[in-house]
Each structure stands twice: as structure tokens, then as C-alpha cells.
Amino acid sequence: MFDFPERYRVPFDGSFKLQEAKTYEDHAETEEELNDQLKKLVKKIDKFQQTLYAADQYSLLLVFQAMDAAGKDSTIKAILKGVNPAGCQVFSFKQPSVEELDHDFLWRTARCLPERGRIGVFNRSYYEEVLVVRVHPNYLAGQNLPKVSKLDQLWEERYESIKDHEKHLARNGTVILKFWLNVSKQEQKNRFLSRLDEQNKNWKFSAGDVMERQHWDEYMAAYENALNATSSKYAPWYAIPADDKAYMRVAVADTIVKALEGLHLEYPEVSTEEQAKFAEARRLLEAEESAR
Ligand code: ATP
Ligand code: MG
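Per the numbering used here, the very first residue in the sequence shown carries number 135; after that it's consecutive.
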């Protein structure tokens with residue numbers, strides 16, 4: 135298997151070229167083998183989640199961004215299946231509400247950040263503000279912002295705000311991993327067509343998604359810019375090939391496991407004082423048994 139985190143990590147020096155990022159990777163494993171690997175990785179994530187919770191020092195934030203039908207929902211589901219639901223939370227960010235538009239663009243996601251010891255997942259995120267909004271700058275009208283002379287300045291300022299925000303979070307114990315699920319235009323078309331063909335997938339189809347597809351190149355340019363501007367050691371981006379879902383899920387899960395391993399999490403040590411209390415508790419419990 136490949137050396138995942140490094141293979142797909144977007145470099146921190148702005149040299150990422152979207153044209154060169156793979157949407158499909160040749161691999162020797164069968165789908166079954168990949169699914170077995172995924173199961174093992176999910177088990178590890180669950181174990182790490184327990185120590186993350188016990189250590190209560192770090193939280194993990196997973197950000198997912200992608201074009202429609204890339205498999206954000208199913209990847210999140212596959213990765214969190216088997217992880218204690220009390221320890222993780224998923225938030226999906228769609229078109230902002232009036233209340234959300236009345237605040238700065240980091241407000242709505244900041245309210246949903248994971249508490250220490252938890253795993254938080256963002257299905258779309260504040261990155262929409264430099265992706266969909268960049269492709270459709272008319273959305274800015276609803277935000278009623280102070281005027282800027284050039285739109286380019288606004289995007290640069292947003293990147294800066296995002297970087298500062300992420301650095302701040304990292305310093306305070308949030309481990310951030312960001313995944314761009316890189317689906318090809320052809321594969322998106324196949325998936326849309328199967329949503330039309332298969333009755334039980336009809337509900338997933340939205341005519342608007344086909345309209346959005348017409349802006350494919352603009353989206354790719356916005357992604358390339360955003361990933362280059364905001365991939366950092368505090369919050370690295372991973373550009374994961376998404377045309378093969380089984381492979382993509384293993385790549386994402388493995389990246390998460392490696393990041394958690396890197397934290398060297400340990401269960402908190404019990405102080406001698408606490409140990410003395412434990413001994414007393416044991417004595418009381420055992421006395422109960424013998425009294426019966
Ligand atoms: P699915 O289609 O699988 O249900 P989804 O995430 O595509 O999931 P939709 O309701 O189809 O959900 O789409 C949400 C839409 O909201 C996307 O087109 C996204 O670009 C848009 N969106 C998200 N954040 C913003 C934002 N800050 N400003 C404008 N549009 C946004
Ligand atoms: Mg959608």
C-alpha cells in the first residue's frame with residue numbers, strides 16, 4: 135500500500151498543481167481487501183478516540199470539501215461507523231441562514247468546533263466562502279460587507295483569516311486534517327446518471343448540481359488557489375483521488391490514523407492520592423460483598 139499521508143498531502147509552499155493531482159490511482163488491492171483494511175483502520179480510530187477522550191487534551195477536526203457526488207457523505211459514514219457516537223459529531227454546512235449571514239464568515243463553523251477529547255467532522259465548511267462564493271461572487275451581496283476595491287483582495291484576506299483561525303485552533307489543541315475528495319468530471323457525470331437511472335438513488339439527484347457542473351473549471355481554479363493558500367503544517371490539506379470509493383476511504387482513514395498515532399496519546403496517570411482513594415473504594419466494595 136502507498137505511504138498515504140505524504141503521498142496526497144498538499145505541499146505547504148504553494149506548489150500544488152491541480153492538473154497533476156490524481157482522481158484515480160492504480161492499486162493492486164481488490165475492493166474486498168480495501169474494505170478489510172478499512173475495517174481495521176476504523177477499529178484503530180475508535181481506540182484512539184477513547185484515548186483522545188480520556189487524555190482530554192486534543193480534539194480532532196476533519197474537514198471535507200468536494201464537488202457534488204464525490205462521496206463526502208458516504209466517506210464520513212464509512213469512517214465513523216464503529217466509532218463511539220458519543221465521541222464524535224458531524225456538521226453539514228449548506229447555504230447560510232439569515233442569522234449566519236449577519237455574522238463574520240467563520241462564526242457558524244466556530245460554534246460547531248469539537249470540544250477537547252472529541253472528533254468533529256465538517257461536511258463542507260468555511261472553505262465554501264472561498265469556493266462556491268468565489269465562483270458565484272453575487273452571493274457576497276447577501277453578506278453586506280464593507281466595500282473592497284478589488285475582489286482578489288477579499289479572497290486573499292479570507293485565506294489569511296482562515297490560516298490565522300486554524301493556527302489559533304492548532305495552538306489550542308485542535309488537530310486539523312482537511313480532505314479534498316478529488317473526483318473527475320467524467321466520474322461525476324457517471325454518478326449523476328446513475329442517480330437518474332436507479333430509482334432508489336433518485337432522491338439524491340438535484341438538477342441544480344448539473345448546472346453547477348458547468349462551472350467546473352472555475353471551481354477547479356478556486357480549489358487550486360485555496361488549497362495552495364491554506365495547506366499548512368497546522369492544518370494540512372490532502373487531495374485524495376475519489377473516483378474509486380473503496381480506495382479513497384482507506385486513504386482518508388489511514389491519514390487519520392497516522393495523525394492520531396503522531397499525538398502519542400496516553401491515558402492520564404492516576405496520582406498517588408487518587409490511588410489511595412481507589413484502595414479505600416475497593417475496601418468499601420469488598421466489605422459490602424462479605425457483609426451479604
Ligand atoms: P448532498 O447533495 O449530498 O445532500 P450537499 O452538501 O451537496 O449534500 P446541498 O444542500 O445539495 O448539500 O448543497 C449545499 C449547497 O450549499 C452547496 O452547493 C454549497 O456550495 C452551498 N453552500 C455551502 N456553504 C455556502 C456558503 N457559505 N455560501 C453559499 N453557498 C454555500
Ligand atoms: Mg448537493
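Quick reminder that beta carbons are idealized off the backbone N, C-alpha and C, glycines included.
Note that the coordinates shown come from a computational prediction; the quantities given were computed from them, not determined experimentally.
Item, Value
"Integer Cβ distance of Y357 from L265, believed to fall under 8 Å", "7 Å"
"Neighbourhood of S149 by C-beta, 8 Å cutoff - its chain only, sequence neighbours within 5 removed", "N362"
"Per DSSP, cross-strand counterpart(s) of P375", "N316"
"Validate contact between the region 162–178 and the region 344–353 using beta carbons, cut 8 Å, 3 pairs", "no"
"Exposure label - T209; buried when at least 16 CB within 10 Å", "buried"
"Contacts around E159, its chain only, beta-carbon distance under 7 Å, and the 5 residues preceding and following it disregarded", "P375, Y381"
"Residues near the ligand MG, criterion Cβ-heavy atom distance below 7 Å", "D202, S340, D343"
"Backbone secondary structure at R143 - three-state DSSP", "strand"
"Straight-line gap, R305 to L194 (C-alpha atoms, nearest Å)", "13 Å"
"Alpha-carbon to alpha-carbon, R141 and L315", "14 Å"
"Where S149 sits in the DSSP three-state scheme", "coil"
"Y401 versus E395 - alpha carbon distance", "14 Å"
"Cα-Cα separation between F198 and K312, rounded to whole angstroms", "6 Å"
"E165 burial status per 10 Å Cβ neighbour count (16 or more: buried)", "exposed"
"Reference G205; option with closest CA among R416, R258, E332, N272", "R258"
"Straight-line Cα distance separating F239 from R252", "23 Å"
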